[in-house]
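**Q** For the sequence shown, this note's numbering gives the first residue as -1, with consecutive numbering after it. All residues carry an ideal CB built from backbone N, CA and C; glycine is no exception.
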Amino acid sequence: MSWSNRVLTWVKNDSLNKKDIADKDGGFVTPTTVTSTPEYLIKVDNVFTSTIVNYEQFAECLWFEIGTARPSSPDPSNFFSGDRGILGKNPLVCMKYIRGATTIQEYLTGGNCIENIIIKRLAHLDMDDQEIQALSFYDCFITTYEQKNNLIFFSFSFTRMSDEQAVFNNNGGKKGYDAFSFDFNKNKSDHDLGNDSKIKK
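(1) Note down, in chain order, each residue of its chain lying with its Cβ closer than 7 Å to the Cβ of S48, except the 5 sequence neighbours on either side.
(2) With DSSP collapsed to three states, give me the class of V32.
(3) Report, in whole angstroms, the separation of the C-beta atoms of E129 and A164, which I expect to be a contact under 8 Å.
(4) Name the one or two DSSP bridge partners that S153 has.
(5) Taking the C-alpha atoms as reference points, what is the distance between T141 and N193?
(6) Within 10 angstroms of the Cβ of V27, are there 16 or more other Cβ atoms? Answer buried if so, exposed if not.
(7) In the structure shown, what three-state DSSP assignment does Q103 receive?
(8) Start and end of the beta strand (DSSP E) containing E264?
(9) Buried or exposed for R119, going by 16 or more other Cβ atoms inside 10 Å?
(10) Between which two residues does the beta strand (DSSP E) harbouring P72 extend?
(11) Between L133 and E162, is the Cβ-Cβ spacing less than 9 Å?
(12) Quick check: what's the CA-CA separation for G109 versus N147?
(13) Cα separation between F166 and T107?
(14) Terminal residues of the continuous beta strand (DSSP E) containing G83?
(15) Quick one: is F156 buried, meaning 16 or more other Cβ sit within 10 Å of its Cβ, or exposed?
(16) Cα-Cα, which of Q145, Y136, G171 and D127 is closest to I50?
(17) Kindly list the residues whose CB is nearer than 7 Å to the CB of D137, restricted to its own chain and excluding five residues on each side of it in sequence; keep chain order.
(18) What would DSSP say about G192, mapped onto helix, strand or coil?
(19) List the DSSP bridge partners of D176.
(20) Leaving out the 5 sequence neighbours to the left and right, which residues in its chain are closer than 8 Å to K46 when beta-carbon positions are compared?
(21) Near T101, which residues of its chain fall below 6 Å by C-beta distance, leaving aside the five closest residues on each side in sequence?
(22) Could you tell me the alpha carbon to alpha carbon distance between S153 and Q145, rounded to whole angstroms?
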């Protein structure tokens, strides 16, 4: 599915979007955060490197868009009937032009299969950076690549995905996880709740 077909519902980085990073002259400014660690990080196999402890194979992700939809059609009584087929939008990623950008282009032109792409969301809690969300995509192919000034935009296809959310208790301690996964090939989903968080502290 083309990334230009934006008929689905997107999930975005609420604190940073295209308008936030575009200045009045049409250029781009560098976003800042309250911590030195970015809020969103992305891993594409072993393409990227960083000096962030525990995230040496990740890079900063400025924003991303993902989405799914269930097609439906109206009947004469104005009710909607659902289709079993679930549509997934190719995720769109925005990040700075850094080392590894040329490899993304190579993967696109060469049709390389990427085992998994991971996007993690961090929050600064109790003087520490903790993972509060982990999005994982499997069997991926880069489908589009563009560059605007010092920013790159690329999208990718995938066959399976999972969305894991950290669950905290009233005292702010991490007590477990809430995870959803979907296999587009099998049209099968799974929802898992657990006491032992899979997202590391």
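**A** Walking through what the data contain:
(1) For S48, where only same-chain residues beyond five positions count, the Cβ hits under 7 Å are E54, F56 and A57.
(2) Per-residue confidence for V32 stands at a pLDDT of 40, beneath the threshold of 50, marking its modelled position as unreliable; no derived number is given.
(3) E129 to A164, Cβ: 6 Å. Contact.
(4) For S153, which the question treats as bridged, DSSP gives the partners L90 and T142.
(5) Going by the C-alpha atoms only, they are around 37 Å apart.
(6) Caution is warranted here: a pLDDT of 37 is assigned to V27, below 50, making its placement in the model unreliable, and no coordinate value can be reported.
(7) Note: Q103 maps to helix in three-state DSSP.
(8) Given a span of -1 to 199 for the chain in the structure shown, any question on residue 264 remains unanswerable.
(9) Buried: at least 16 other Cβ atoms inside 10 Å.
(10) Segment S70 to P72, the beta strand (DSSP E) holding P72.
(11) It is a contact, given that the beta carbons lie within the stated cut-off.
(12) When rounded, the separation of the alpha-carbon atoms in G109 and N147 is 25 Å.
(13) Between F166 and T107, the C-alpha separation is close to 43 Å.
(14) No residue range can be given for G83, since it is assigned to no beta strand (DSSP E) and is classified by DSSP as neither H nor E.
(15) By the 16-neighbour rule on beta-carbons within 10 angstroms, F156 is buried.
(16) Residue D127 is the option with its Cα nearest to I50.
(17) Shown here for D137: same chain residues with a beta carbon closer than 7 Å to its own, the five before and five after excluded, namely C111, F156, T157 and R158 in chain order.
(18) Correct three-state label for G192: strand.
(19) The partner list for D176 (beta bridge, DSSP) reads Q163 and L191.
(20) Contrary to the premise, residue 46 reads as Phe rather than Lys in this sequence. Excluding residues within five positions, the ones whose Cβ falls inside 8 Å are I40, Q55, F56, A57, I96, R97 and G98.
(21) Excluding positions up to five away in sequence, the list reads V45.
(22) Answer to the nearest angstrom: the Cα atoms are 12 Å apart.
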